[in-house]
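*Asks:* In the working numbering, the protein residues as written are 271 to 1382.
Shown next, in the form of structure tokens:
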């Protein structure tokens, strides 16, 4: 298929090969005119389409194909109406105009409505339609050359819309706006321009707008505009613009160039703003600032100003003269760079704080002077506020106060010198401190001090201070080697040399002085009665104009230095004589510190003790209610084994609660101890089985007891509790298996150890050490382990009171406790109990006999309703007549009613203004024979002192059993009967046995004062000599005198009568023994040779007892 030379392309072959046969035949059958036109068309680079024949069959070239989109290639060779149906009504008239009318059609941007991409759209074309003539003269078709202009027309439309929006915006803008083209001709001015200037559009466009500028400004405005136009750059200028009323007002004209997307310069868009008011303000501000600058430059101070943010933008001439910096170099924050490095951060921090808070600025700092030296200045500044309180400016000054500051520093140095050297013991150190202070303050090359031999005219320089790199002058030097000023020093004159080369006294020795960097110097003589003794001097390596203030400073420093040196020498000599005294003072001071620490600790314990006491009191009241009712139930349920077992379990719980309360009291040192002389080694051997049962078979126990073990004074029950607590703690720390070592030995704590530990007295102790192989205690917890309720065990395991109980008991016993521990290796707790020189007390069981009651009348004073109810029921069950009161005041009312009462059973702690001790006192005033028995959950200071009950006081601690209550009531009633009998016998005639006995020296020991007094009278009436004692301790002291017979109560408050007898016998005393008690017999076989008298006893009973004991 040969279409034409050069036009035989693959595209053409492809299109002709697919021609439809129903409309147009093969190419070879085409008319010659059609072939010729087609060959021309397909060779054209333009978009060409041929509509041929009556059906307007569409033939087009490859350039045209994209124009019809998805219609290609099906539209090729087919009728136009089939594929241009959506625009056929628009297209056909154009084709007909050419085809039928013979008239060509030429149109630009002709719009067509077409669907070429699957959706309708409007596109535009430039079109040229012309007829294709046949050889016969007829028109064969219409040749259409088209060029699509859709994108261009849309762009132009957007541009027109943009210009319309711009004009609308510009016309409504509050400022004047304008547009010029690429040659600078104004093409647009907005409404504001015309309103402001009064110009018409014809007058203003082009270059007419320049006619509205002030004649004096027109040339500058024109030149600025044209220069910017030539460079295609933006510009900004201020000029006066004529207003419509003829007045000229200052305006700012600013513009930026416009460029096309291709970078073609299009002209400018600019704006003009009326700034006349602002210009006036700026003019006034400029005039004001000029006035300010003229004013500030007329004063001696440096003046500066900043913006609200602290940016420095103004300095007067004095600033630049002082600092020597270039103008503008310290603007902004640059000023901080010329501060002294040591002052820079401080000054900056103060300035920033003032900026943030608005506080006035005031600070002293050193500023670098134009000479390179730093000088002290005072910086001050205050903020300026506008009408709404905002800071608008800061104005400040800098005042040179260098001389004043140096003088102040020197005065301060002089005043503080004595304090500065107060801690220096060596006179040489004092001299060194002085010359260092002088040198650093005066900024000299050297400062020194030397002692003078006036006869030899030499100076021994012992100490001097120099700046970096300067050599020292230490050593012996001859004055004459450096000039002739020694004569002035001998006469007491201060030698001031500004320049050694020009001073006649040193001119000949200037080279020597130059060699030691002493071109200038000041020399201050120090004289005593013997003459010239020392010199204080300063040197400078350069000539110096010494100030009078410098000379005065050196003179005052020399006097203080000499006094300080001589005083220290004298003090050192005195110090050598008083070293032993100071050691004693130091020792006493340390003792005082330790005493204060002990007092503080004691006060802490006292506070905790009060707390624990209160808790224990309420807790014991609750336990008493439970215990009392359990005992009453026990009587009611006799024979019921199941009930009895439950009662036993319940009583076990009461006992554990009582133990917990006891531990609280032990820590608070509120426990009334019953100390005895014990041998801890023997005591612990007796505990061996108990320890093994308590900690289990999986723990190995090693008991190490040293030989020659001392005795100690302690409460055996508390020692047992302490060791048991430590063993149980050790077992828990070892998780039930490991090794427990209990060691006992003698120990001595010396004065050094006592001084380092609170509440420790130096002396001899018995040491109990308990060591485990457990997990150990962390170092940060070791100081807390003795605090109540602190525990290293997991939650639910332990009360945290075990170690606190140990601590409280040991401290109350006058001992010491120390703990050592290492995590992963174990813990050791050491208890130190004071040594006792007396013999060991041996426990002796006392036969208690059956529980008995009585018919006497007992008044129960108890504020707790439940406790009171239980006690009343228990006493009534024992046969007593019981009265009850809920307070001390109520009890006193009953006593004053006249009802005969045998025993007052009162709680120690009760509400109300009247204490129990006051109740007892007033009750005995009204009923002298009344017996008093106290009870409490813990013992207050009102009846306990030093951890022990007051003499003659009877106490039953809560919680107590029915048995304990019954026996205690009989005990106090027995003592009461004894006292009653004493009073009745004073007026009765005593029937003394007929046979006589020899006169004896009798040691009488009885804690009840009335019984002791009466018994002594009975013994004296029987012809004996009596030594009296109110306690076991007092008896041991009285027993130093000779005696033949010991008459003692068994139940003494501090020691039993049995123990007292053993103690007296252990020191080799031989005597007979009469024991007085409420019991009916002596059960200890060791006292089978003693005679027992039962309270109450008469003089006749006493005489018969003496007769019996002497008859053996």
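In this text, a Cβ means the ideal position worked out from N, Cα and C, and glycines have one as well. Because the structure is a prediction, the values reported are computed rather than measured.
For the alpha helix (DSSP H) that contains residue 1284, what are its first and last residues?
*Replies:* Residues 1279 to 1291.
*Asks:* Count the other C-beta atoms from every protein chain shown that fall within 10 angstroms of the C-beta of residue 749, then say buried if there are 16 or more, exposed otherwise.
*Replies:* When all chains shown are included, residue 749 counts as buried.
*Asks:* Rounded to whole angstroms, what is the Cα-Cα separation between residue 281 and residue 386?
*Replies:* Each residue's Cα considered, the two are about 20 Å apart.
*Asks:* If you drop the 5 nearest sequence neighbours on each side, which residues of the same chain put their C-beta closer than 6 Å to that of residue 373?
*Replies:* Excluding positions up to five away in sequence, the list reads 367.
*Asks:* Does the pairing of the region 789 to 808 with the region 661 to 680 give three or more beta-carbon distances under 8 Å?
*Replies:* The region 789 to 808 vs the region 661 to 680: no contact.
*Asks:* Would you give the residue range spanned by the beta strand (DSSP E) that residue 391 belongs to?
*Replies:* It spans 390 to 403 - the beta strand (DSSP E) in which residue 391 sits, taken as one unbroken run.
*Asks:* Identify every residue that forms a DSSP beta bridge with residue 625.
*Replies:* Residue 625 pairs with nothing; no bridge assigned.
*Asks:* With DSSP collapsed to three states, give me the class of residue 976.
*Replies:* DSSP places residue 976 in coil when its eight states are reduced to three.
*Asks:* Going by DSSP, what residue range makes up the beta strand (DSSP E) through residue 448?
*Replies:* That run of the beta strand (DSSP E) goes 446 to 450.
*Asks:* Alpha carbons only, please: which of 392, 1123, 1140, 333 is nearest the one belonging to residue 1236?
*Replies:* Here the closest residue by C-alpha is 1123.
*Asks:* Just mark residue 284 as buried or exposed, buried being the case when its beta carbon has 16 or more other beta carbons within 10 Å.
*Replies:* It counts as exposed.
*Asks:* According to DSSP, is residue 583 part of a helix, a strand, or is it coil?
*Replies:* Strand, per DSSP.
*Asks:* Between residue 968 and residue 1006, which are expected to be in contact by the criterion C-beta below 8 Å, what is the C-beta distance as a whole number of angstroms?
*Replies:* About 5 Å separates the two Cβ atoms, so the contact holds.
*Asks:* Using the C-alpha atoms, what's the distance from residue 535 back to residue 529?
*Replies:* Each residue's alpha carbon lies about 5 Å from the other.
*Asks:* Give the single residue among 508, 1302, 574 whose Cα lies nearest to the Cα of residue 546.
*Replies:* For the residues 508, 1302, 574, the minimum Cα distance to residue 546 belongs to 508.
*Asks:* Could you check what DSSP says for residue 1027 in three-state terms: helix, strand or coil?
*Replies:* Three-state result, residue 1027: coil.
*Asks:* In terms of alpha-carbon separation, which member of 1328, 1075, 978 lies closest to residue 992?
*Replies:* Taking only the C-alpha atoms, the option nearest residue 992 is 1075.
*Asks:* Measure how close the beta-carbons of residue 330 and residue 350 come, nearest whole angstrom, since I'm counting them as under 8 Å.
*Replies:* Wrong, their Cβ atoms sit about 11 Å apart, outside the cutoff.
*Asks:* To the nearest angstrom, how far is the alpha carbon of residue 445 from that of residue 543?
*Replies:* Spanning the two alpha carbons is a distance of roughly 6 Å.
*Asks:* Would you mind stating whether residue 809 and residue 714 have Cβ atoms separated by less than 8 Å?
*Replies:* Taking 8 Å as the Cβ cut-off, residue 809 and residue 714 qualify as a contacting pair.
*Asks:* Quick check on the DSSP output: the beta strand (DSSP E) that includes residue 741 runs from which residue to which?
*Replies:* Careful: residue 741 lies outside any beta strand (DSSP E) and carries neither H nor E.
*Asks:* Just grab the DSSP bridge partners of residue 664 for me.
*Replies:* DSSP, once it has assigned bridges, lists 576, 653 as partnering residue 664.
*Asks:* Distance check for residue 424 and residue 430, CA to CA, integer angstroms please.
*Replies:* Distance between the alpha carbons of residue 430 and residue 424 is about 10 Å.
*Asks:* If distances are taken between C-alpha atoms only, which option among 332, 705, 686, 453 comes closest to residue 310?
*Replies:* Among 332, 705, 686, 453, the Cα nearest to that of residue 310 belongs to 332.
*Asks:* Look up residue 611 in the DSSP assignment and say whether it is helix, strand or coil.
*Replies:* Residue 611: helix per DSSP, three-state reduction.
*Asks:* Just to check my reading of the structure: residue 1245 and residue 1278 have Cβ atoms closer than 8 Å, yes? What is that Cβ distance to the nearest angstrom?
*Replies:* Between residue 1278 and residue 1245 the Cβ distance is about 6 Å, and since that is below 8 Å, they are a contact.
*Asks:* Look up residue 1114 in the DSSP assignment and say whether it is helix, strand or coil.
*Replies:* Note that residue 1114 has pLDDT 47, beneath the 50 cutoff, so the model's placement of it is unreliable and no number is given.
*Asks:* What span of residues does the beta strand (DSSP E) with residue 526 cover, start to end?
*Replies:* Segment 518 to 529, the beta strand (DSSP E) holding residue 526.
*Asks:* Look up residue 769 in the DSSP assignment and say whether it is helix, strand or coil.
*Replies:* Of the three classes helix, strand and coil, the one that applies to residue 769 here is coil, per DSSP.
*Asks:* With distances taken from CA atoms, which of 609, 730, 572, 426 is nearest residue 635?
*Replies:* It is 609 whose Cα lies nearest to the Cα of residue 635.
*Asks:* Reducing DSSP to helix, strand and coil, say where residue 355 ends up.
*Replies:* Helix.
*Asks:* With distances taken from CA atoms, which of 1034, 289, 1204 is nearest residue 343?
*Replies:* Ranking 1034, 289, 1204 by Cα distance to residue 343 puts 289 first.
*Asks:* Quick check on the DSSP output: the beta strand (DSSP E) that includes residue 1041 runs from which residue to which?
*Replies:* It spans 1033 to 1042 - the beta strand (DSSP E) in which residue 1041 sits, taken as one unbroken run.
*Asks:* Could you check how far apart the C-beta atoms of residue 695 and residue 838 are, in whole angstroms? I think they sit under 8 Å.
*Replies:* Confirmed, about 7 Å.
*Asks:* Counting only beta-carbon atoms, is residue 1300 nearer than 8 Å to chain B?
*Replies:* Among the chains of the structure shown, chain B does not appear; only one protein chain is present.
*Asks:* Which first and last residues belong to the alpha helix (DSSP H) in which residue 1332 is found?
*Replies:* Run containing residue 1332: 1327 to 1336, per the alpha helix (DSSP H) assignment.
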